[in-house]
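Residue numbers (this note's numbering), protein chains in the order written: chain A, 1 to 111; chain B, 1001 to 1115.
Encoded as structure tokens, the structure appears first; notes follow it.
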């Protein structure tokens, strides 16, 4: 599974757009990029998943350039409740079932 | 919205004691997982389970650990003889299929404290 690298922490203010970038230089052809969110003392929660270009859902957008060596999670107009740890994971169609979590990005949204 | 549930929310035990952590996965899901997170550290994969057998396990999941699906709804993690270093949050997860592209739904976790 491709190793991922993302910033340890980010600060933002309410109402701003937050972009968290993740690098995954060794991503394989069959790998997808997946993002999870974790609040303190809770289990991770799936946010979004994509293979290439752009994916958008009601929570976030995911931008993946053509070379797929990086991806950017975009959270529009964050609120205080978006303060959490955000994990970028690479998962594959033909890889094992396990999710390999890194250290994630700790996002702090200030009023 | 269906969700994964776990009991108890907090378990305190003495070193050397056996503990059983319980999970009720989402009803139509076929794949089940246990993860753990030591305070301040990463979420770590322990084991995946499908069709009443272990699909994969990590190095952490040694002979002291076992999993079982005793009936159609529960999925349990047993630690036979707990150690201090087993203190962690234990998360159960389930997914409709095992392919990595399907999201895993996590429960709220059981905080295990070993004294």
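We put the CB at the ideal spot given by N, CA and C, even for glycine.
| residue 1081/B versus 1038/B, 1015/B, 1002/B, residue with shortest Cα-Cα distance | Taking only the C-alpha atoms, the option nearest residue 1081/B is 1015/B.
| message | Against chain B, does residue 45/A count as a neighbour if the rule is that its beta carbon must be under 9 Å from one of theirs? | response | At least one chain B Cβ lies under 9 Å of residue 45/A.
| query | Given a limit of 9 Å on CB to CB distance, which residues of the segment 49 to 60 of chain A reach chain B? | reply | Listed by position, the residues of the segment 49 to 60 of chain A near chain B (Cβ gap below 9 Å) are 49, 51.
| request: Run the CB neighbour count on residue 1112/B, radius 10 Å, all protein chains shown included, and call it buried at 16 or more, exposed below. | output: Residue 1112/B comes out buried.
| When the Cα atoms are used, what is the spatial distance from residue 1045/B to residue 62/A? | Taking the straight line from one Cα to the other gives about 25 Å.
| In the DSSP assignment, what residue or residues form a beta bridge with residue 84/A? | Its beta-bridge partners are 107/A.
| request: Whole angstroms is fine: what's the gap from residue 28/A's alpha carbon to residue 1020/B's? | output: Rounded to whole angstroms, residue 28/A to residue 1020/B spans 38 Å at the Cα level.
| query | For residue 1049/B, is the classification buried or exposed, using 16 other Cβ atoms within 10 angstroms of its Cβ as the cut-off for buried? | reply | Flag for residue 1049/B reads buried.
| Between which two residues does the beta strand (DSSP E) carrying residue 1011/B extend? | Per DSSP, the continuous beta strand (DSSP E) segment holding residue 1011/B begins and ends at 1010 to 1013.
| query | By the criterion of Cβ-Cβ separation under 9 Å, what are the contact partners of residue 1067/B in chain A? | reply | By Cβ distance, chain A contributes nothing, its closest Cβ being about 14 Å from residue 1067/B, past 9 Å.
| task | Please report the Cβ distance between residue 14/A and residue 78/A, rounded to the nearest whole angstrom; I am assuming they are in contact, meaning their Cβ atoms lie under 8 Å. | result | Rounded to whole angstroms, the Cβ separation of residue 14/A and residue 78/A is 7 Å, and the two are in contact under 8 Å.
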